[in-house]
Structures are given as C-alpha cells and as structure tokens.
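Here's the structure we're looking at; comments come further down.
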Amino acid sequence: MRKIYSIIILILVLTLSSCVTNRKVLYMQEPGAGIPEYAKMVTPEDYKVQVLDELYVHVSTLDPDMTELFNMASGGGNASSALGEGDAGYNSYTINEDGCILFPYIGTISVAGKTTREIKSVISDTLSSLLKDYSVEVKLTNSYFSILGDSKSGRYALTKERMNIFQALAQGGDFGDFSDRAHVKMIRQTKDGPIIKEFDIRSKDIVDSEFYYIQPNDVIYVQSFNGQFFEINSFASFFSLLSTVVSFSYIIIRFSSIF
20 MRKIYSIIIL ILVLTLSSCV TNRKVLYMQE PGAGIPEYAK MVTPEDYKVQ VLDELYVHVS
80 TLDPDMTELF NMASGGGNAS SALGEGDAGY NSYTINEDGC ILFPYIGTIS VAGKTTREIK
140 SVISDTLSSL LKDYSVEVKL TNSYFSILGD SKSGRYALTK ERMNIFQALA QGGDFGDFSD
200 RAHVKMIRQT KDGPIIKEFD IRSKDIVDSE FYYIQPNDVI YVQSFNGQFF EINSFASFFS
260 LLSTVVSFSY IIIRFSSIF
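First residue of the sequence shown? That's 20 in this note's numbering, and the numbers climb one at a time after it.
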C-alpha cells in the first residue's frame, strides 16, 4: 500500500511541476529570483558582409547606356541571380573566398568585413572619377533569419536593417507555451565560424543587450522544458488531468484491496 501511495504522490508532483505559469512565459520581467541581468550595449554594430553573402549593387546615371554598362552581370560566375523578396529581376554578386566581388568596368572590389554603407561609399568614390551625376544602391539580398522551436519553425526575411528579437518573433510566430524561454539559443555566423549565444528572453534587460538585435543568417532555437511530461497551460487542463490521476489512483487502491 505504501508503494501505491508513493506512486500517486509522484504522479501529483509531475503534474504540478508541468504547469505553465506566467513566470515561465511572460516577457519583460524584472531581473531577480531566477531572471538574469544583462549588460547594456551602447550602440549595436551594423552587419558586416562575409564570404558567400550576396550583394545587390545598382548604379543609376542620366545616360541609359552608362547605366546599362555598370549594371551588367559579370565576373565569370561571380554574379548570380539569387533573389531576395521583392527583388525579382535583380542581379546579385556573391562575395568570393578572397572577400571581393568583380564589378563591371570597375573590376575587383574588396567588400568582406564592410557594411553596406561602407561598400556604397567605396563604389561611389571609384565612380566619381568616371561619372558626374549618378547614384549607387547597395543592399544584402540573402537577408534572412530562421526560427526553430517546438511550436513553429521557418525561414523569414529581415524586413528592416535593424530588427530586434521581439519583432522577429512577431513576424515568425511566438514561441509555444511549453518553450523554454529561459534558455533561448542564437546561432550566429561570423568570419571565424558559427558561435552560439544563449540568453533568457524573459528578462527586461534583454532590451539593448547584445542579444536584442538579430543579424542576417541568425538561427533562433528554443526547446521544450526539460522533463516536460504533462502539458498543462490552463485550469481546465489541470483539473482534467487531476481528475484522471485521482480516478486512476482509486482504481489502483481498489485492485490492491481485492488482491
């Protein structure tokens, strides 16, 4: 009989520990009592392009012939037709292993490790000796992030240059009720290889921290609570499961008394 009661108590403990409380899912919680503090980052760095990134570069002039000349797809495989959302018909330039692109008429341009603004400035300075009235547009065409989770997974376009983690979740879909928000992982590509950042997204200090803004090619991953057994996210589901446990316990006790 003592073993039976022990089993019943164990089931009840598992049931109660599986409840999803507000503290487990709410954002913008004050640090303390298990919610970590994070140091503020003064100014987030702009994304610096890397090898194999793809750049859309467009030069506009008053002369249609010159415009066509500077927007020719060139480079012996350097230019590709990889398209971003809304960029149908655009040619993009894949950054080679040497960190350069081969741009029509200008030639080789070193771009790796630079922001799109810096690349625009380099191209503009080079064209200044060739043209008078012109404009240059540079943007990243492979500007995406991914979300992997227990409720929803997918690949989404970065719709703005600086998108924060909450805007990303609003676009891709919030984490599920049973997602472990205390251990969110962000996989980020760098020039030295991928790195993994882990943070508690429930903390109010996440704003302006190093984890707040996402970058192109980031992968945001969240797993379910460790040891999740029962899924309880409302009083109704808790009452239903508790009734099941009580009924099951009653059956066990009745059978034990018979035998």
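Ideal Cβ placement from N, Cα and C applies to all residues, glycine included.
Using a threshold of 8 Å, state whether the C-beta atoms of residue i and residue j are closer than that.
i, j, result
"residue 157", "residue 139", "yes"
"residue 168", "residue 198", "yes"
I'd like the list of long-range same chain contacts for residue i, defined as Cβ closer than 7 Å, with 5 residues on each side in sequence excluded.
i, result
"residue 50", "56, 222, 223 and 224"
"residue 129", "118 and 119"
"residue 89", "78, 123 and 124"
"residue 244", "197 and 199"
"residue 104", "With a pLDDT of only 43 at residue 104, under the threshold of 50, the placement of this residue in the model should not be trusted, and no figure is reported."
"residue 116", "70"
"residue 229", "60"
In the DSSP assignment, what are the bridge partners of residue i?
i, result
"residue 204", "217 and 240"
"residue 54", "51"
"residue 124", "In DSSP, residue 124 forms no bridge with anything."
"residue 164", "175"
Distance, Cα to Cα, residue i vs residue j?
i, j, result
"residue 195", "residue 241", "10 Å"
"residue 91", "residue 123", "6 Å"
"residue 252", "residue 219", "Caution is warranted here: a pLDDT of 48 is assigned to residue 252, below 50, making its placement in the model unreliable, and the coordinate value is therefore given only provisionally. Roughly 20 Å separates the two Cα atoms."
"residue 111", "residue 162", "12 Å"
"residue 188", "residue 210", "26 Å"
"residue 215", "residue 146", "40 Å"
"residue 76", "residue 141", "12 Å"
"residue 58", "residue 41", "25 Å"
"residue 83", "residue 237", "39 Å"
Using only alpha-carbon positions, find the residue among the options that is nearest to residue i.
i, options, result
"residue 53", "216, 207, 230 and 202", "202"
"residue 152", "44, 231, 81 and 235", "81"
"residue 47", "238, 237 and 231", "231"
"residue 183", "45, 63, 58 and 43", "63"
"residue 165", "148, 235 and 42", "235"
"residue 60", "239, 238, 237 and 226", "226"
"residue 149", "86, 44 and 76", "86"
"residue 239", "145, 192 and 210", "192"
Taking 6 Å as the limit between beta carbons, can you name the residues of its chain near residue i, skipping five residues before and five after?
i, result
"residue 143", "155"
"residue 181", "232"
"residue 246", "Low per-residue confidence applies at residue 246: pLDDT is 49, beneath 50, and the placement is therefore not dependable, though the value from the model is reported in the following sentence. Cβ within range, chain order: n/a, list empty."
By Cβ distance, which residues of its chain are closer than 8 Å to residue i, with the 5 residues on each side in sequence left out?
i, result
"residue 68", "74, 114, 130, 131, 132, 133, 134, 135, 138 and 159"
"residue 217", "202, 203, 204 and 205"
"residue 213", "206 and 207"
"residue 185", "46"
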